[in-house]
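Visitor: According to this note's numbering, the sequence shown is numbered sequentially starting from 705. Where is the CB? At the ideal position from N, CA and C, for every residue including glycine.
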Amino acid sequence: MARPKRKRRLFRRRKVCRFCADTSLSIDYKDPRTLRFFTTERGKIIPRRVSGNCAKHQRELTRAIKRARTIALMPYAATLRHY
Ligand SMILES: [Zn+2]
Numbered sequence: 705m706a707r708p709k710r711k712r713r714l715f716r717r718r719k720v721c722r723f724c725a726d727t728s729l730s731i732d733y734k735d736p737r738t739l740r741f742f743t744t745e746r747g748k749i750i751p752r753r754v755s756g757n758c759a760k761h762q763r764e765l766t767r768a769i770k771r772a773r774t775i776a777l778m779p780y781a782a783t784l785r786h787y
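1) Measure the alpha-carbon distance for L777 versus Q762 and round it to whole angstroms.
2) Spatial neighbours of V720 within its chain, please: CB distance less than 8 Å, with the 5 preceding and 5 following residues excluded, ordered by chain position.
3) Tell me whether F723 is buried or exposed, calling it buried when 16 or more other Cβ atoms sit within 10 Å of its Cβ.
4) Please report the straight-line C-alpha distance between R752 and T783, rounded to a whole angstrom.
5) In the DSSP assignment, what residue or residues form a beta bridge with I749?
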C-alpha cells in the first residue's frame, strides 16, 4: 500500500482553558448548561487533560458540578437514552 495509515498522535493543538480565555464565562453551579459542557453524556466530569481547563478552573468546575448534583440540577449518572 502506498499510503500507510499514520497515527496523528503528535498533533496537539494548544488547548487553552475556556474560562481563562473567556472572562464572561463564569462557573456557576446554578447554570447546568455551562456545566454540562464539561460532563460526558452520562454525567461524568470530563478530565482536565481532555477539556483543557487549567487547574484552578477545573477545580472550580468540579466543585460547581458536585454542588449542582446535590441540588439535582445535574445528574450523577444519566442513561444514554435519557439524555
Ligand atoms: Zn482557567
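Guide: Judging by the given coordinates:
1) Reading the sequence shown from its first residue, position 73 is the one you call residue 777. Reading the sequence shown from its first residue, position 58 is the one you call residue 762. Taking the CA atoms as reference points, L777 sits about 19 Å from Q762.
2) As a position in the sequence shown, residue 720 is number 16, starting the count at 1. Excluding five sequence positions before and after V720, the CB atoms of its chain that fall closer than 8 Å to its own CB belong to G756, given in chain order.
3) The residue you call residue 723 lines up with position 19 of the sequence shown. Per the 10 Å Cβ criterion, buried.
4) Counted from its first residue, the sequence shown places residue 752 at position 48. Counted from its first residue, the sequence shown places residue 783 at position 79. Roughly 23 Å between the two C-alpha positions.
5) Stepping through the sequence shown from its first residue, residue 749 is reached at position 45. Answer is T743, bridged to I749.
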